[in-house]
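Colleague: Sharing a structure, written as structure tokens. Questions coming.
Residue numbers (this note's numbering): 603 to 683.
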């Protein structure tokens, strides 16, 4: 009924490799775009997290603002060490 179809032989032939290649192309393209966006805007596990302030950082800030005197600063600094 269909007659002779060349080298088709009822299988996918080279078309299967072409579809697989095109699928891989799109997958890699999407992964690349996602990685680029994450890198550009800093999305990810550590993005947006600033370093936690330590007790010594807070003590230095209080001393810098004048909330505590030098003697109290030095004493508390020794206590923290």
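No residue lacks a Cβ here, since even glycine has one placed at the ideal position from N, Cα and C.
Apart from the five residues just before and just after residue 657, which ones in its own chain have a Cβ nearer than 6 Å to its Cβ?
Modeller: Taking the chain shown and counting its residues from 1, one reaches residue 657 at position 55. Closer than 6 Å at Cβ, skipping near neighbours: 682.
Colleague: Three-state secondary structure (DSSP) at residue 678?
Modeller: For the purposes of this step, residue 678 is identified with residue 76 of the chain shown, where counting begins at 1. It is helical.
Colleague: With DSSP collapsed to three states, give me the class of residue 620.
Modeller: Walking along the chain shown from the start, residue 620 turns up at place 18. Looking at residue 620 - three-state DSSP - the assignment turns out to be helix.
Colleague: How long is the line joining the alpha carbons of residue 666 and residue 654, rounded to whole angstroms?
Modeller: For the purposes of this step, residue 666 is taken as residue 64 along the chain shown, with counting starting at 1. For the purposes of this step, residue 654 is taken as residue 52 along the chain shown, with counting starting at 1. The straight-line gap from Cα to Cα measures roughly 19 Å.
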